[in-house]
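Colleague:
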Amino acid sequence: MSLASFSLQPSYITFARSATFPKSGLCVARKRVQQVAGHLVRSNTIATTIKGGARNNTSTATNIATENHNTINMASKKDTTGSKCQTCKGTGNVGSSVKPSGAVDIDQKVEDIYHQLPALPSPLPKPHRDFVHCKPPGAPTYRKFSVFTAGSIEMGKAVQWQSQMATMLSPLPITVNNPRRGNWDPTVTPEAKDAAFRQQVEWELSALEQADVICFFFDVNTMSPVTLLELGIWAASDKVVVCCDPRYWRSGNVHIVCDRYGIPVVDTFAELVPAIEKMLVEKGMQLDQNGDLVGENKHIEKPRPKKKSVLEAEVSDLHRQIAALQAQLGKSKV
1 MSLASFSLQP SYITFARSAT FPKSGLCVAR KRVQQVAGHL VRSNTIATTI KGGARNNTST
61 ATNIATENHN TINMASKKDT TGSKCQTCKG TGNVGSSVKP SGAVDIDQKV EDIYHQLPAL
121 PSPLPKPHRD FVHCKPPGAP TYRKFSVFTA GSIEMGKAVQ WQSQMATMLS PLPITVNNPR
181 RGNWDPTVTP EAKDAAFRQQ VEWELSALEQ ADVICFFFDV NTMSPVTLLE LGIWAASDKV
241 VVCCDPRYWR SGNVHIVCDR YGIPVVDTFA ELVPAIEKML VEKGMQLDQN GDLVGENKHI
301 EKPRPKKKSV LEAEVSDLHR QIAALQAQLG KSKV
């Protein structure tokens, strides 16, 4: 068959073969490329094949395919804006992010773009002389009652809700333990063997154990996986108060857990403050007319929580001891 009598077949023809098209068949080649390019140029591999196969004798056809490729790519980028994975940023590789150098100020001002925090009162509340606001790495100074601000930080991405909470609770003679420390080294690896990371986590665990009230705040602009973890750990402790805006990405899960375990839950920060104060009263905090604590304001260290299996074993042992004592009493009467 001569090239002069060559015609396109309806079956699929690879673009590499376009180099065999005679100049007289250029128009046919253009139409063929336009028809197929619209469906296939999304693949970078095929786009490269188009360029490679048509570079020598069909430069015009290649230009057409390239224009289609660019147009489709621009449309594709426009359509997917805002839909990239927040973890891998669309790279498909979680470990591809580059850590910033130097310390990160996680106490810097964060714009409240979703209006989650109310305006601070003016004038600001007057702090009680016994009020203490503690941050790691130093050991907390405990009063009789303490509150732990368990909630979104996310390396400084969350709004500064912890400091505002401390301000609102400052008229009380209590301790507020806030894990959001001023500066954090981004090179610290979140591994148990890392000394700095372990110190931070153990500070938080100890403060959580000693807290009379644990308040959770879920920032709608964060994922907050550690906050979810902590809520799961302390859900059944009977000392949790939660603020979870319905816009938070896992608000449904949070509200269901709170409902199941009888946890007070509110939607706004403004509602969270009185909910904390109410739980402190339920835990025994009584103030006189001057706002001072009734009784000695001295911390009594709480024991570390035990596993359910350990508690059940202890209860069973107590029952056996009671039964033995009752048996002895029964014999002594005889």
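When we follow the UniProt record's numbering, the leftmost residue of the sequence shown carries the number 1, and every step to the right adds one. Glycine is no exception: its CB is placed at the ideal position from the N, C-alpha and C atoms. It should be emphasised that the depicted structure is a prediction, and the values quoted were computed from it without experimental measurement.
Can you tell me where the beta strand (DSSP E) holding Phe217 begins and where it ends?
Modeller: Val213 to Phe218
Colleague: I think Met223 touches Trp203, with their Cβ atoms under 8 Å apart; what is that distance to the nearest whole Å?
Modeller: Not confirmed; about 22 Å, so no contact.
Colleague: Using a Cβ-Cβ cut-off of 8 Å (strictly less than) and excluding sequence neighbours within five positions of Asp267, which residues of its own chain qualify?
Modeller: Cys243, Cys244, Asp245 and Pro246
Colleague: Residues in its own chain within less than 7 Å of Val265 by CB, not counting five upstream and five downstream?
Modeller: Val242, Cys244, His255 and Cys258
Colleague: Starting from the Cα of Phe217, find the closest Cα among Gln160, Tyr261, Lys193 and Gly295 and give me that residue.
Modeller: Ranking Gln160, Tyr261, Lys193 and Gly295 by Cα distance to Phe217 puts Gln160 first.
Colleague: With DSSP collapsed to three states, give me the class of Gly330.
Modeller: helix
Colleague: Considering only DSSP beta bridges, list what Cys258 is partnered with.
Modeller: In DSSP, Cys258 forms no bridge with anything.
Colleague: Could you check the C-alpha separation between Ser170 and His133 for me, to the nearest Å?
Modeller: 8 Å
Colleague: For Leu120, does the three-state DSSP call read helix, strand or coil?
Modeller: coil
Colleague: Please name the residue, chosen from Met165, Ser146, Lys135 and Arg320, that lies closest to Ala119 on a Cα-to-Cα basis.
Modeller: Met165
Colleague: Nearest by alpha-carbon distance to Thr141: which of Asp238, Ser206 and Gln162 is it?
Modeller: The residue from Asp238, Ser206 and Gln162 with its alpha-carbon nearest to that of Thr141 is Ser206.
Colleague: Gly151: buried (16+ other C-beta within 10 angstroms of its C-beta) or exposed?
Modeller: By the C-beta density criterion, Gly151 is buried, having at least 16 other C-beta atoms within 10 angstroms.
Colleague: Once you ignore the five residues that flank Phe131 on each side, which residues in its own chain have a CB closer than 7 Å to its CB?
Modeller: Ser170, Leu172, Pro173 and Ile174
Colleague: Consult DSSP for Gly252 and reduce its assignment to one of helix, strand or coil.
Modeller: Under the three-state reduction of DSSP, Gly252 is assigned to helix.
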